[in-house]
Amino acid sequence: MTQNMGLADRIIRLLLAIVVVVLIATNRISGVLATVLGILAVIFALTSMFGVCPLYLPFKLSTKARRPELPPETPPPPEEG
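Read in order, the letters of the sequence shown correspond to residues 3 to 83 in the working numbering.
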């Protein structure tokens with residue numbers, strides 16, 4: 003599998019996961035909300051680490067920056083001689 007997530011996407015997901023973990027650890031959220039957000043935090047952390055989001059694959063989405071295409075190589079001019 004190739005990476006389909008750009009650096010900004012990966013950083014945002016990781017930061018969101020950290021925020022959720024901190025909210026759960028400090029008891030700011032609890033119960034069902036904590037469970038659901040905790041599961042999402044784990045998913046965000048894993049997708050961030052591997053650089054692949056399974057939801058992007060069927061839609062062929064990518065947040066990875068595209069490299070500019072190089073112009074085709076032109077052959078050198080024929081030598082006269």
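Built from N, CA and C at the ideal position, the CB exists for glycine as well.
All of these numbers come straight from a predicted model, not from anything done at the bench.
| message | What residue range does the alpha helix (DSSP H) around R12 cover? | response | For the purposes of this step, residue 12 is taken as the residue at position 10 of the sequence shown. R12 -> alpha helix (DSSP H) spans 9 to 27.
| query | Would you say A36 and I45 are within 7 angstroms of each other, going by their C-beta atoms? | reply | In the sequence shown, counting from the first residue as 1, residue 36 sits at position 34. In the sequence shown, counting from the first residue as 1, residue 45 sits at position 43. The answer is no: Cβ separation not under 7 angstroms.
| Cα separation between T28 and P73? | Counting from 1 along the sequence shown, the entry for residue 28 is found at position 26. Counting from 1 along the sequence shown, the entry for residue 73 is found at position 71. Approximately 55 angstroms, taken between the alpha carbons.
| task | Apply the 10 Å Cβ neighbour rule to R30 and answer buried if 16 or more other Cβ atoms are within range, or exposed otherwise. | result | Numbered from its first residue, the sequence shown carries residue 30 at position 28. Result: exposed.
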